[in-house]
Amino acid sequence: MEISGIPFGTTDWSSVDATQHEGESGLAYWRTQQFGSMRVRMIEYTPGYLADHWCTKGHILLCVEGELHTELEDGRTFTLRPGMSYQVGDGAEPHRSYTKMGAKLFVVD
């Protein structure tokens with residue numbers, strides 16, 4: 134990844150308006166900043182959230198709070214707890230996430 138054309142800046146995530154996104158179950162609240170072609174998000178999943186699709190977009194994802202389970206289309210599953218991350222490339226393994234207890238994530242894609 135090349136990051137260019139972005140001057141130094143800070144983000145107070147509490148001041149970024151959240152947008153609501155429904156999952157197959159539960160809700161996701163995205164606070165999003167766009168920097169050129171790079172999207173940076175702070176995402177909060179409510180308890181019981183399950184994504185409504187298999188995602189093929191690449192991400193770098195850090196679990197900030199809670200617990201996140203990510204399922205790959207081939208059946209493998211991974212659990213992230215605070216301080217853990219995953220990375221996946223565009224068009225790589227299709228994946229979807231769910232959480233029983235809720236989770237807060239920092240995502241770059």
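Just so we're aligned, residue 134 is where the sequence shown starts under this note's numbering, counting upward by one. Built from N, CA and C at the ideal position, the CB exists for glycine as well. As the structure is a prediction and not an experimental result, all values here were calculated from the model.
Residue burial classification, residue i (beta-carbon count within 10 angstroms, cutoff 16)
i    : result
H186 : exposed
A225 : exposed
R209 : exposed
Rounded Cβ spacing between residue i and residue j (contact assumed at less than 8 Å)
i    : j    : result
H192 : S230 : Wrong, their Cβ atoms sit about 10 Å apart, outside the cutoff.
K233 : G156 : Not confirmed; about 13 Å, so no contact.
L183 : S218 : Contact flag wrong, Cβ pair sits at about 21 Å.
E198 : T212 : 14 Å between Cβ atoms; not a contact.
G235 : Y162 : G235 to Y162, Cβ: 11 Å. No contact.
D242 : R172 : 5 Å
Cross-strand partners of residue i (DSSP beta bridge)
i    : result
H192 : V221
A161 : H154, Y178
F211 : T203
A236 : Y178, G199
F168 : M171
V241 : V173, I193
Span of the beta strand (DSSP E) around residue i
i    : result
S230 : 228-231
H202 : 201-205
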